[in-house]
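See below for the structure under consideration.
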Amino acid sequence: MTSSMQAASALPNDRAVPKAPVRTGDVALHVERLHKRYEGIEAVAGLSFDIRAGEVFGLLGPNGAGKTTTISIVSTLLRATSGDAKVFGHSVHNDVASVRHLIGVVPQELALYPELTGLENLRFFGRMYGVPKDELERRIVRLLELVGLEGRRNDRVVTFSGGMKRRLNLAVSMVHQPKLILLDEPTVGVDPHSRENIFTIVEQLRDAGTAILYTTHYMEEAERLCNRLGIMDEGKIIALGSLDSLLAEAGCSEVIELHGLPAGMDLTSLHLGEHSCRIETRDDVVRLYVNNAVRMLGPLHQALGRYADTVSVEIAPMRLENLFLQLTGKDLRD
Ligand SMILES: Nc1ncnc2c1ncn2[C@@H]1O[C@H](COP(=O)(O)OP(=O)(O)O)[C@@H](O)[C@H]1O
Ligand SMILES: [Mg+2]
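Residue 410 is where the sequence shown ends in the working numbering, and the numbering goes up by one at each step.
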């Protein structure tokens, strides 16, 4: 059994559930100057952010950025070295029972009983949270349908694929109707069908007013799902905001990508003028970050000279992956 399941087993019954109604826009999670130090490393190094009801907040970062550590602290499984996180005003330090009732967690390492069936897992966790019996059975039917596992309800989880396990864990995380759901890299190692199912559910939850903390190192997921993003590296959030605002802050709107440049050809002297931000060379690909790609094509053609016909030139809008690389020097596609 995983540590998260052991911790969850210690839950009290329904008594501690805060009854105040949640409105879209209420602060669901307030993280303030959170630190977690291990010997020799600061896994979380002064993190602050808010998530509101009805919002998907993405923590985007490479392996080791501190995403799982942050989720573990918010889900009360790990104690911060300093700082605090509050779930609808309840501190993860001194109001653990309330926090656990308000949150649902899909951990990176799944928390399911492999020898129980899908149905039995849902029943177990539902009872643990004190969901009344008849209501629980109704919810289980709906949840199994939602995650597309009604046909496998009586099969043991050990026989499930990675994607099915992840979908079941998502259903389990929702059985007590939490107001904040924490999803730690939920699409790693899952099939495309499961991935799409997870996306749809996240969108439905968001539209119903649930707050979602979604960690990922996949840029397209962050672009598609997240209302706001925190770009995380080495325990810190280094950029925070909506995708549009982050891209606007980058100062350039398009990327010209050049493939097949002859070895040794140096474009750094290219006069990029007012429409450009910078040039980056990586793995034989040269990228020009610019504001008006069309205006750059003339000077570029000239600079390429006799190679103009052999070099391939692609123009694309600035994307999150470009911004991430610019901010961290790290390419998450590696
Ligand atoms: N129990 C631990 N003891 C020591 N270092 C740890 C422990 N857990 C995580 N770390 C380190 O903390 C950093 C952040 O890890 P983690 O939160 O798992 O990152 P992510 O989820 O973004 O990949 C990494 O350098 C990791 O090696
Ligand atoms: Mg992780």
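Even for Gly, the Cβ is constructed at its ideal location relative to N, Cα and C.
- Fully enclosed beta strand (DSSP E) runs of no fewer than 3 residues occupy 179-182 of the region 168-205, in order along the chain.
- For Glu-261, the CB falls within less than 7 angstroms of some heavy atom of ligand 2.
- DSSP places Ala-104 within a strand segment (E or B) once states are collapsed to three.
- Judged by DSSP secondary structure, Lys-143 falls within the alpha helix (DSSP H) whose first and last residues are 143-150.
- Beta-bridge partners assigned by DSSP to Leu-289: Phe-133, Leu-258.
- Sixteen is the threshold: since fewer than 16 other Cβ atoms of the shown chains lie within 10 Å of the Cβ of His-269, the residue is exposed.
- Ordered by chain, the residues meeting the criterion of a beta-carbon within less than 5 angstroms of a non-hydrogen atom of ligand 1 are Tyr-114, Ala-119, Asn-139, Gly-140, Ala-141, Gly-142, Lys-143, Thr-144, Thr-145.
- Judged by the Cβ position, Gln-184 qualifies as a neighbour of ligand 2 at the 7 angstroms threshold, a heavy atom of the ligand being closer than this.
- Nearest to Ala-121 by alpha-carbon distance, out of Leu-178, Gly-159, Leu-192, Glu-299, is Gly-159.
- Rounded to whole angstroms, the separation of the alpha carbons of His-106 and Asp-126 is 5 angstroms.
- When C-alpha distances from Thr-263 are compared across Val-163, Arg-215, Glu-296, Asn-367, the shortest belongs to Glu-296.
- Per the C-alpha coordinates, the member of Ala-173, Ala-392, Thr-144 positioned closest to Gln-184 is Thr-144.
- Excluding its 5 nearest sequence neighbours in each direction, Asn-139 has C-beta neighbours in its own chain below 8 angstroms: His-293, listed in chain order.
- Across the structure, Leu-343 and Ala-379 are spaced so that their CA atoms are roughly 8 angstroms apart.
- Less than 8 angstroms separates the beta-carbon of Arg-203 from that of Leu-212.
- Residue environment: Thr-146 is assigned as buried (16 or more neighbouring CB atoms within 10 Å of its CB, all protein chains considered).
- By the beta-carbon neighbour count (other beta carbons within 10 angstroms, threshold 16), Arg-242 is buried.
- In the three-state reduction of the DSSP assignment, Phe-236 falls in the coil class.
- Within the region 368-401, complete alpha helix (DSSP H) segments of at least 4 residues are found at 369-380, given in chain order.
- Rounded to the nearest whole angstrom, the CA to CA distance from Pro-375 to Val-331 is 15 angstroms.
- Residue state for Asp-283 is assigned as helix, using DSSP reduced to three classes.
- The region 215-231 and the region 146-157 do not touch, with fewer than three beta-carbon pairs separated by less than 8 angstroms.
- Note that the C-beta distance between Val-389 and Leu-337 is not below 8 angstroms.
- Distance from the Cα of Glu-261 is smallest, within the candidate group Arg-282, Cys-353, Leu-289, for Leu-289.
- Counting C-beta pairs closer than 8 angstroms gives three or more between the region 361-373 and the region 389-406, which meets the contact rule.
- Rounded to the nearest whole angstrom, the C-alpha separation of Val-172 and Ile-216 is 26 angstroms.
- Phe-275 and Asp-385 have their C-alpha atoms roughly 42 angstroms apart.
- Between Leu-305 and Val-150 a beta carbon distance of about 17 angstroms is seen, past the 8 angstroms cut, so the two are scored as non-contacting.
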